[in-house]
Amino acid sequence: MQPSDPPASPSDQAFAGASAVMLRLTLSTLERAGRDPGLWREAELHRAVLVSGLSVMVNGLALLQRDLG
1 MQPSDPPASP SDQAFAGASA VMLRLTLSTL ERAGRDPGLW REAELHRAVL VSGLSVMVNG
61 LALLQRDLG
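The opening position of the sequence shown corresponds to residue 1 in this note's numbering, with each subsequent residue numbered one higher.
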């Protein structure tokens, strides 16, 4: 955000905040799985990483589209 940009609306801030939380959860899960390769045997881990990664990507794209007009 540049100094001349208008302040983000509360809904934009909530949207960005939710995306940031999902990103932190995804990275934390991947870090944990990196330390314990046995976790990759769990199908739930694959689903969780896929869903959370897609959620972060979709939210990021929406924010980018909004910023680009």
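Even for Gly, the Cβ is constructed at its ideal location relative to N, Cα and C.
Distance between beta carbons of residue j and residue i, contact taken as under 8 Å
{"i": "L63", "j": "A16", "result": "6 Å"}
{"i": "S19", "j": "V56", "result": "6 Å"}
Cβ neighbour criterion (16 or more within 10 Å) applied to residue i
{"i": "S52", "result": "buried"}
Beta-carbon proximity of residue i to residue j, cut-off 7 Å
{"i": "L39", "j": "L45", "result": "yes"}
Residue nearest to residue i in terms of C-alpha spacing, selected from the options
{"i": "L25", "options": "Q65, A43 and A48", "result": "A48"}
{"i": "L23", "options": "E42, R35 and L50", "result": "L50"}
Distance cut-off 6 Å: residue i Cβ against heavy atoms of the ligand FAD
{"i": "L25", "result": "Judged by which ligands are present, the structure shown has none, so any question about the ligand FAD falls away."}
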